[in-house]
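Down below is the structure, laid out as structure tokens.
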DNA sequence: AAATTATCTGTAACCGGTTACACAAATGCG
DNA sequence: CGCATTTGTGTAACCGGTTACAGATAATTT
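Here's what the structure looks like:
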């Protein structure tokens, strides 16, 4: 690997001049610039980021902390972030925390050791001490924090929307699935839905679940129909659970949406491919990722007027696990 | 941020001694060690990875190059890799190439600039010049390369298995979906299936597709039934396409698996949640990721006897889009 | 023409670790 | 006891960039 000194020697200039050419700052004579460029070319030189990072006390890496990339909601977030940070020349350092505080801490630690310029986190312990006196731009994604800017979709409204959707379309005995208690946005959508259900003149029950994992989703589905066989409307905690419930309902011979309406949450890519295709509350994951990245980059650039929260709208994606709304209602 | 010099001063020793304590090498008196540890503790010191990387000319980062994390096969691979590299104290630098040569090149470039210790790539251009004179341990995953070790599942056998499965279960007019031409493993599974179909006494046709993307999958599904309405068995190029076909088939009122058998490829998490659940050829994605990571780490450690290929078995996951095999046959 | 200012370039310190080398003290051995 | 070896520690060079500062020349201004 050629170094800046090799280039300097080849071009017959000092390393300072080469550096000036590389970074396009300071004064460089046009003739000199050409010679340096030629040397860079002929040596196939590429500057060492590590050396630069050391002096600058800042790399061009951004830490991304996710609960679990295997959950289909997150790849989209990650992709949105990556596409956006790449536009500004940053790269991503990835970490899956599994929502475990020690893994989270370890990742933050190594992010700092690698002198990341900033960090985006989609994990829960938003206000614990790990983040508190962190001298680093941090954006929370799909989570809220008192201390740091956050980008998220409106969970309360999403929950409301889901509940209203089923009610308007005639479900009378709704089961509301409550997601894992420690996941903030799950709680929001739950409370949003709960509020609407409480106001309405219908029966409803709540089924508590403790995870979003694929393998568990089927369990919740079985539990649902065992405990509430007569339910005619299910508000799922997310699309994975919804699709598992759909699977189980069809297995039990329920007609969907005639006997049972079902609405998911997230709008993961697969929800349009289930049969019947899944009605759901869409969170714009890719856009959320992009927005979080944009916000972080503005913080990195120390721009003024950084908004503390960016809330993206949730939307009802009406597919075929809900009935058409009665036009006479 | 405290530096090693702060620690040295606090402990009343030289930086060399602190470094020895940190890395647990060289001679350090037990009393001195205690003082140093105390200073580290009280200053809450954490060594700067960037400085270390610069001197060592090697970071503790591993580059991971994927086509697109949004494709549900890859998160599992990524997770397997991450879990394994973390065990050895490495972290991941992530890149999505979209199978575009220039993005791929850019990522490799920045990986090198960041002095990664090694790299795992799941992209296609395995033997192009980008990788050729790379003085870096590289493992290809889900791809084969002449120059570098590879970890993959047996695509030919997978294709054969898929074809045999449909034939044994009585499909007579099979449609074989050919995946994107530039994706190597897609070609393997296609040829494996093709070979078996050619030998068998059945009719079959081939439908060529040019992508794996969600949005396109539905298009292939429609095209399939438009061109081959009488097909009674479909070998899909992967599970996404299979599930899209399943969706379309159900929409058209086909009975599955009675009228139409369908087999996917990959065994992504969702394939067990479709209804009917999808029969498929399983590639053990998480394990593949783990194996690739293990192999890479052995290369990094310069162990002898590195195998050039690790081939993992594909297995038939018999679910409900295929019929039970006739016990009298 | 003299004084300013702008342009161009080089020297060397600096970022924060690691380690080669030197040296001193302690220990082992014949 | 004398010499070799082991143990313990420090000094300073090094990794490969960036930049403060200085000095020289060229262009402008007065």
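Residue numbers (our numbering), protein chains in the order written: chain G, 1 to 329; chain H, 330 to 658. For glycine and all other residues, C-beta sits at the position ideal for the given N, C-alpha and C.
Use the C-beta contact count for residue i: other C-beta atoms within 10 angstroms, 16 or more gives buried, fewer gives exposed.
i: residue 119(G); result: buried
i: residue 236(G); result: buried
i: residue 12(G); result: exposed
i: residue 581(H); result: exposed
i: residue 71(G); result: buried
i: residue 359(H); result: exposed
i: residue 229(G); result: exposed
i: residue 27(G); result: exposed
i: residue 266(G); result: buried
i: residue 5(G); result: exposed
i: residue 507(H); result: buried
i: residue 48(G); result: buried
i: residue 133(G); result: exposed
i: residue 384(H); result: exposed
i: residue 63(G); result: buried
i: residue 215(G); result: exposed
i: residue 24(G); result: exposed
i: residue 443(H); result: buried
i: residue 567(H); result: buried
i: residue 556(H); result: exposed
i: residue 370(H); result: exposed
i: residue 488(H); result: buried
By Cβ distance, which residues of its chain are closer than 6 Å to residue i, with the 5 residues on each side in sequence left out?
i: residue 409(H); result: 615, 618, 619
i: residue 96(G); result: 66, 68, 69
i: residue 599(H); result: none
i: residue 85(G); result: 62, 293
i: residue 483(H); result: 640, 643
Going along the chain, which residues of its own chain have a beta-carbon closer than 7 Å to the beta-carbon of residue i, five neighbours each way excluded?
i: residue 316(G); result: 161, 165, 281
i: residue 124(G); result: 99, 143, 182, 183, 184
i: residue 486(H); result: 521, 643
i: residue 274(G); result: 243, 246
i: residue 32(G); result: 13, 17
i: residue 344(H); result: 333, 334, 337
i: residue 583(H); result: 589
i: residue 19(G); result: 4
i: residue 534(H); result: 504, 557
Run down chain H in chain order and give the residues with a C-beta less than 7 Å from the C-beta of residue i.
i: residue 31(G); result: None at all; the shortest Cβ gap to chain H is about 28 Å.
i: residue 25(G); result: Per Cβ cutoff of 7 Å: no residues; residue 25(G) is ~19 Å from chain H at best.
i: residue 411(G); result: No answer is possible for residue 411(G): it lies beyond the span of chain G, which begins at 1 and ends at 329.
Are residue i and residue j close, meaning C-beta to C-beta below 8 Å?
i: residue 390(H); j: residue 331(H); result: no
i: residue 650(H); j: residue 608(H); result: yes
i: residue 547(H); j: residue 573(H); result: yes
i: residue 563(H); j: residue 591(H); result: yes
i: residue 588(H); j: residue 501(H); result: no
i: residue 292(G); j: residue 141(G); result: yes
i: residue 288(H); j: residue 640(H); result: Outside the shown range of chain H, which is 330 to 658, sits residue 288(H), and nothing can be said about it.
i: residue 552(H); j: residue 536(H); result: yes
i: residue 423(H); j: residue 82(G); result: yes
i: residue 168(G); j: residue 325(G); result: yes
i: residue 284(G); j: residue 404(H); result: no
i: residue 499(H); j: residue 630(H); result: no
i: residue 295(G); j: residue 149(G); result: yes
i: residue 379(H); j: residue 53(G); result: yes
Counting only Cβ pairs nearer than 7 Å, list the residues of chain G close to residue i.
i: residue 443(H); result: 49, 50
Starting from the beta carbon of residue i, find every residue of chain H whose beta carbon is closer than 8 Å, and list them in chain order.
i: residue 54(G); result: 377, 379, 380, 383
Since residue i meets chain H, which of its residues come closer than 9 Å, beta carbon to beta carbon?
i: residue 91(G); result: 422, 423, 424, 436, 439, 440, 443
i: residue 59(G); result: 379, 443
Could you pull out every residue in the same chain whose Cβ sits closer than 8 Å to the Cβ of residue i, ignoring the five residues on either side in sequence?
i: residue 35(G); result: 11, 12, 13
Using a beta-carbon distance cut-off of less than 8 Å, what residues from the stretch 526-545 of chain H approach chain G?
543
Using a Cβ cut-off of 8 Å, which residues of the stretch 365-378 of chain H contact any Cβ in chain G, in chain order?
375, 376, 377, 378
Taking Cβ-Cβ distances below 8 Å as the criterion, which residues of the stretch 270-288 of chain G are in contact with chain H?
270, 272, 273, 274, 275, 277
Taking a Cβ distance cut-off of 7 Å, strictly less, list which residues of the stretch 563-576 of chain H are near chain G, in chain order.
572, 573, 575, 576
With 7 Å as the C-beta to C-beta threshold (strictly closer), list the residues of the stretch 63-84 of chain G near chain H in chain order.
69, 70, 72, 75, 76, 78, 79, 82
In the stretch 251-269 of chain G, which residues sit with their C-beta less than 8 Å from some C-beta in chain H, listed in chain order?
251, 269
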